Amino acid sequence: PGLPVERQWEIRATQGRPRCGVETRIVDDEGGVLPSDGEAVGELEVRGPWITGSYYRNTDDSKFQSGWLRTGDVGRIDPQGFITLTDRAKDVIKSGGEWISSIEIENHAVGHPAVAEAAVISAAHPKWDERPLLIVVRKPDCELSRDEMLLFLSAKVAKWWLPDDVIFVDVLPHTATGKLLKTRLRADFKDYKLPTA
Numbered sequence: 006p007g008l009p010v011e012r013q014w015e016i017r018a019t020q021g022r023p024r025c026g027v028e029t030r031i032v033d034d035e036g037g038v039l040p041s042d043g044e045a046v047g048e049l050e051v052r053g054p055w056i057t058g059s060y061y062r063n064t065d066d067s068k069f070q071s072g073w074l075r076t077g078d079v080g081r082i083d084p085q086g087f088i089t090l091t092d093r094a095k096d097v098i099k100s101g102g103e104w105i106s107s108i109e110i111e112n113h114a115v116g117h118p119a120v121a122e123a124a125v126i127s128a129a130h131p132k133w134d135e136r137p138l139l140i141v142v143r144k145p146d147c148e149l150s151r152d153e154m155l156l157f158l159s160a161k162v163a164k165w166w167l168p169d170d171v172i173f174v175d176v177l178p179h180t181a182t183g184k185l186l187k188t189r190l191r192a193d194f195k196d197y198k199l200p201t202a
């Protein structure tokens, strides 16, 4: 109430705020706490009285840091505590110390009228560690070149988020529930050499 309509829709598009008694924070690769300013992006961690502190019969404590559960989700928290998830930690591309959301690039890519489906994975890069590689399935009877796809994306994402290459395939692998099987894509393209590498 009392908020501009635009802000109301922004809030509705988030995952919301945590329940009373649950704390949230986002951290960088080294575990450093990032600001809740709505801009910084990091891995979401949670803790609270009903948040687990360990897994049954599992001695691997990499999912738990000083009482905080590492969720594996990547996102941001705004000053009012609203959480926006943008990716999974295993799917995010870490390029030159910055995180690039594979899901956001995929969502923009499928907005192209000639694209049936798209996936973004990381590809090794000697200078930046990882860079985005876009894998696209064209719609039947549609033409689309690498340059046309990159030009389309250049109006939608930051320049440093642009994929370093675009590969066209006939089909993308999926899990039994219909999700993109990025583990197979990463295995299939593990030795792919980017033109910028």
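Just so you know, the sequence shown maps onto residues 6 to 202 in my numbering. Glycine included, every Cβ here is placed at the ideal spot set by N, Cα and C. Computed from a prediction, not measured in an experiment: that's the story for all the values here.
Given residue i as reference, the closest of the options once Cα atoms are compared
{"i": "I110", "options": "L139, R143 and L199", "result": "L139"}
{"i": "D78", "options": "T182, R30, F157 and R12", "result": "R30"}
{"i": "E48", "options": "E153, G80 and L190", "result": "G80"}
{"i": "A45", "options": "P84, R24, A163 and E148", "result": "P84"}
{"i": "L199", "options": "D170, P118, P178 and R17", "result": "D170"}
{"i": "P40", "options": "A119, E15 and I82", "result": "I82"}
{"i": "R189", "options": "V125, A160 and P168", "result": "V125"}
{"i": "R93", "options": "G102, T76 and E103", "result": "T76"}
{"i": "E35", "options": "P118, T201 and E103", "result": "E103"}
{"i": "P168", "options": "H179, P178 and L156", "result": "L156"}
{"i": "R24", "options": "W55, V38 and A18", "result": "W55"}
{"i": "D152", "options": "G116, W133, S71 and I172", "result": "I172"}
{"i": "N112", "options": "G58, N63, L158 and Q13", "result": "L158"}
{"i": "P131", "options": "A202, V38 and R17", "result": "A202"}
{"i": "D146", "options": "M154, P178, P118 and A160", "result": "P118"}
{"i": "G43", "options": "W73, R12 and G26", "result": "R12"}
8 Å contact criterion, which residue i and residue j should meet: CB distance rounded
{"i": "R136", "j": "S106", "result": "At roughly 14 Å, the Cβ-Cβ gap does not stay under 8 Å, so R136 and S106 are not in contact."}
{"i": "V176", "j": "V142", "result": "6 Å"}
{"i": "A123", "j": "A114", "result": "4 Å"}
{"i": "K144", "j": "V120", "result": "7 Å"}
For residue i, three-class secondary structure by DSSP
{"i": "E15", "result": "helix"}
{"i": "A114", "result": "helix"}
{"i": "R24", "result": "coil"}
{"i": "L186", "result": "coil"}
{"i": "V10", "result": "helix"}
{"i": "D193", "result": "helix"}
Contiguous beta strand (DSSP E) assignments of at least 3 residues, all confined to the segment 42-104: Fully enclosed beta strand (DSSP E) runs of 3 or longer: 47-52, 73-82, 88-93 and 98-100.
At least three beta-carbon pairs within less than 8 Å, the segment 43-58 to the segment 15-31: At 8 Å Cβ cutoff, the stretches touch.
Three or more C-beta pairs below 8 Å linking the segment 82-92 and the segment 58-70: Touching, no, given that fewer than three Cβ pairs across the two stretches are closer than 8 Å.
Every unbroken alpha helix (DSSP H) within the segment 121-163, with a cutoff of 4 residues, ordered by chain: Counting whole runs of 4 or more residues, the segment 121-163 contains the alpha helix (DSSP H) stretches 151-159.
Cβ pair count under 8 Å reaching 3, the segment 157-167 against the segment 181-201: These segments do not touch.
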